[in-house]
Amino acid sequence: MAYNDAADNPDAARSHSKDVSISGKADLKEIDHFVDGDGPEPTEHELDTLRRVPDKVPWICFTVAFVELCERFAYYGTTIVLTNFVQQPLPKGSTTGNDPRSDGQPGALGKGQRASQGMVLCYLADTKWGKMRTIQYSIALAMFGHVILIVSALPPVIQNPDGALGCLAIGLLIFGAGVGGFKPNISPLMVEQLKYTKMRVVERSGEKIILDPALTTQRVFMYFYLCINIGSIVGQVTMVYAERYVGFWLSFTLPTVMFCFCPLVLGVFHKRYVHHPPTESVLGNAVKLIKFACKGKISWNPRRTTRNLGSPAFWNDVKPSNVANKPKWMTFDDAWVDQVARGTKACLVFAYYPLFWLAYNQIDGNLTSQAATLELHGVPNDLINNLNPLGIVIMIPILDLIVYPFLRFLKIRFSPLRRMASGFFIATCAMIWAAVVQHFIYTKGDCGKFMNTCPTPAPINVWVQAGSYVLVGLSEIMASITGLEYSYTKAPANMRGLVFGFYHFTSAVSAALGQAFVSVSEDPLLVWNYTIVAIIAFCGGVVFWLTFRGLDKQEEQMNMIKESEYRGRARQAVDAKVLDEEMKA
Numbered sequence: 001m002a003y004n005d006a007a008d009n010p011d012a013a014r015s016h017s018k019d020v021s022i023s024g025k026a027d028l029k030e031i032d033h034f035v036d037g038d039g040p041e042p043t044e045h046e047l048d049t050l051r052r053v054p055d056k057v058p059w060i061c062f063t064v065a066f067v068e069l070c071e072r073f074a075y076y077g078t079t080i081v082l083t084n085f086v087q088q089p090l091p092k093g094s095t096t097g098n099d100p101r102s103d104g105q106p107g108a109l110g111k112g113q114r115a116s117q118g119m120v121l122c123y124l125a126d127t128k129w130g131k132m133r134t135i136q137y138s139i140a141l142a143m144f145g146h147v148i149l150i151v152s153a154l155p156p157v158i159q160n161p162d163g164a165l166g167c168l169a170i171g172l173l174i175f176g177a178g179v180g181g182f183k184p185n186i187s188p189l190m191v192e193q194l195k196y197t198k199m200r201v202v203e204r205s206g207e208k209i210i211l212d213p214a215l216t217t218q219r220v221f222m223y224f225y226l227c228i229n230i231g232s233i234v235g236q237v238t239m240v241y242a243e244r245y246v247g248f249w250l251s252f253t254l255p256t257v258m259f260c261f262c263p264l265v266l267g268v269f270h271k272r273y274v275h276h277p278p279t280e281s282v283l284g285n286a287v288k289l290i291k292f293a294c295k296g297k298i299s300w301n302p303r304r305t306t307r308n309l310g311s312p313a314f315w316n317d318v319k320p321s322n323v324a325n326k327p328k329w330m331t332f333d334d335a336w337v338d339q340v341a342r343g344t345k346a347c348l349v350f351a352y353y354p355l356f357w358l359a360y361n362q363i364d365g366n367l368t369s370q371a372a373t374l375e376l377h378g379v380p381n382d383l384i385n386n387l388n389p390l391g392i393v394i395m396i397p398i399l400d401l402i403v404y405p406f407l408r409f410l411k412i413r414f415s416p417l418r419r420m421a422s423g424f425f426i427a428t429c430a431m432i433w434a435a436v437v438q439h440f441i442y443t444k445g446d447c448g449k450f451m452n453t454c455p456t457p458a459p460i461n462v463w464v465q466a467g468s469y470v471l472v473g474l475s476e477i478m479a480s481i482t483g484l485e486y487s488y489t490k491a492p493a494n495m496r497g498l499v500f501g502f503y504h505f506t507s508a509v510s511a512a513l514g515q516a517f518v519s520v521s522e523d524p525l526l527v528w529n530y531t532i533v534a535i536i537a538f539c540g541g542v543v544f545w546l547t548f549r550g551l552d553k554q555e556e557q558m559n560m561i562k563e564s565e566y567r568g569r570a571r572q573a574v575d576a577k578v579l580d581e582e583m584k585a
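Just so we're aligned, residue 1 is where the sequence shown starts under the UniProt record's numbering, counting upward by one.
Encoded structure:
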């Protein structure tokens, strides 16, 4: 059973927005064909015997998904051309970086391959501003960054590569800060629009089934990711042709225009969204709780410390019902301690994710550069990586509508942690594919192991890269989408933004780790680059599963943790105000 969201609790505070969970004739057609409805919670016997299916998804969720689609169009449409903008030189006779020849290579700054390589806002979303306001501020920040990027690509500016690179760096810094605040908060906002958070037994076509909110959450995140990749495909395809036939200024301008739809849609549907007020004291109390639990448990003996921290008593001993002399800050209940414990375990799970992102990040730079050394046959080198989002768009409906239901029918438990581990191993296969392709580039190319500076490409069709991109896409579905799902279902309801932020922070850690591979990210060492990353991803997957296979057995139990009534000072104050207004009415 998924734990209760405040949206399902009649005592929990909502904004003055309308309740979007009520179906009406104006509702859009749902992606789910199952009938929604109220029903009793399942018994233990029903949990073991009845078929589980996802609930239907409220139409308001798809407005948030469209906002993410626009933001991803802007993000990927911008970043897809950065490698060529920085790495490749300005084509002869061009002032905008365009090169419309069939085998032409757009470029601007000519700085080489090496040069092409926000937890705070999540805290503010949970404690000060709330998700919606944080998203709005982040959009404004990212918009400013987009404008600076346009300036860096103007024809008079790119005539001075050093000045353009400095302008680009400032724009990317501001743009990245905005994305850092937007990304961890938009997906929780979408899932918070779901009405039901408890399992319910309903009858459909004469069959009793369980509507499982965990499966509903899984479905929401999968289609959320589908929208991400639709935006990615459209953004990347259009921008690579914009850079080739017009110039980089257009490939930075069009994403900015698309990004303008984000505040527009959020503004139009603002009153339809479920909003949760921020909570001032929850994060502080969580930190104090963890420190309190660690007292007397830390030893100079690492083995003893590990045993103490992993013991069930670690959290049970600090539950308010078990503490005789409670500190003043201990104003929460036992259920909230269980939720913090669950969220802490989720963060530990994500600690291995930088090893996965290390493999995933190869598609953003090195594989694009690899494509430039192959026979393009009129295809821009940075268009090939659209096979990654295209594969995801195709595979998500297949997995959601065919593969996952079939596994449930066979009683095969493909839990979140198992999907995550699978993602590591599939990413390993993708890197092995890339290493083999790179080996043949060096073997067949005229310039041997220095193909990045070779005037002629290797006699290999660029579409040979398809395997790497499709495998990386499948690994994303297994690891990345499941990571979003795990963040939401395991975090305390009033700390979701922070846990999402930690999940996305692992990607930033991976980017920092990637700097260690800069020295092997160029000729003649690129085969070693892909091979080492493959080994790291494989070892990461093995250690990940060995570490958390015990936690995997507790998945159902963790999802059934009781919802806490503790919501923090700010939320409690709002609750009291809402209750007072309702009493007066």
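Yeah, the Cβ is synthetic: ideal placement off N, Cα and C, and Gly gets one too.
Just to check my reading of the structure: residue i and residue j have Cβ atoms closer than 8 Å, yes? What is that Cβ distance to the nearest angstrom?
i	j	result
A177	L149	At roughly 13 Å, the Cβ-Cβ gap does not stay under 8 Å, so A177 and L149 are not in contact.
V472	I384	With a Cβ gap of about 12 Å, V472 and I384 do not count as contacting.
F356	G171	Going by Cβ atoms, the distance from F356 to G171 rounds to 28 Å, so no, they are not a contact pair.
A372	V533	No, A372 and V533 are not in contact; Cβ-Cβ is about 20 Å, not under 8 Å.
L289	V323	That pair is no contact at about 11 Å.
F259	E71	6 Å
I441	A427	Not a contact, Cβ separation roughly 21 Å.
For residue i and residue j, I'd like the C-alpha separation in whole angstroms.
i	j	result
G284	R342	17 Å
F406	G501	33 Å
H377	I460	11 Å
G145	I481	27 Å
C208	T43	Before going on, a small fix: residue 208 reads as Lys here, not Cys. K208 and T43: Cα-Cα distance of roughly 12 Å.
N233	W315	It is Ile, not Asn, that sits at residue 233 in the sequence shown. Spanning the two alpha carbons is a distance of roughly 46 Å.
F517	M560	43 Å
T127	K345	With a pLDDT of 48 at T127, under the threshold of 50, the modelled position of that residue is not reliable, and no figure is offered here.
F425	I536	10 Å
I135	Q557	33 Å
T238	L390	14 Å
T531	V462	20 Å
Y486	I139	25 Å
G483	L215	14 Å
E203	T49	14 Å
S507	L348	15 Å
S63	T547	The identity of residue 63 in the sequence shown is Thr, whereas the question assumes Ser. Near 38 Å, if we compare the C-alpha coordinates of T547 and T63.
Short of 8 Å in beta carbon distance, which residues of its chain neighbour residue i, apart from the five on each side in sequence? Order them along the chain.
i	result
D333	P320, S564, E565, Y566
T79	D364
Q554	none
Output the boundary residues of the alpha helix (DSSP H) element that contains residue i.
i	result
K291	282 to 294
K444	416 to 444
V53	Here V53 belongs to no alpha helix (DSSP H); instead the beta strand (DSSP E) covers 51 to 53.
L401	Taken as a continuous stretch (DSSP letters only), L401 belongs to no alpha helix (DSSP H), as it is neither H nor E.
K345	334 to 350
L546	526 to 552
C447	Counting along the chain, C447 falls outside any alpha helix (DSSP H), and DSSP gives it neither H nor E.
R303	302 to 310
V64	60 to 79
Could you please give the first and the last residue of the uninterrupted beta strand (DSSP E) stretch that includes residue i?
i	result
E203	200 to 204
residue 635	What the structure shows of the chain is the stretch from 1 to 585, and residue 635 is not part of that stretch, so it cannot be assessed.
V191	Here V191 belongs to no beta strand (DSSP E); instead the alpha helix (DSSP H) covers 161 to 191.
residue 587	With the chain covering 1 to 585 only, the question about residue 587 has no answer from this structure.
So, is the C-beta of residue i closer than 8 Å to a C-beta in chain C?
i	result
A427	Looking at the structure shown, chain C is missing, and only one protein chain is on hand.
Within 10 angstroms of its Cβ, does residue i collect 16 or more other Cβ (buried), or is it exposed?
i	result
D212	buried
S205	exposed
G180	buried
I230	buried
Q465	buried
G166	exposed
E243	buried
N366	buried
S519	exposed
K198	buried
Kindly list the residues whose CB is nearer than 7 Å to the CB of residue i, restricted to its own chain and excluding five residues on each side of it in sequence; keep chain order.
i	result
T253	I150
V340	A286, L289, P492
L226	V393, I396
N452	Q113, S369, T373, E522, D523
G448	Y442
S510	P354, W357, L358, N361
So, at 6 Å on beta carbons, what are the nonlocal neighbours of residue i in its own chain, with the 5 sequence-adjacent residues on each side left out?
i	result
K291	none
I402	none
A434	S468, Y530
Could you check if residue i belongs to the surroundings of the ligand FAD, using beta carbon to heavy atom distance under 7 Å?
i	result
H45	Annotation note on the ligand FAD: not contained in the displayed structure, which lists no ligands.
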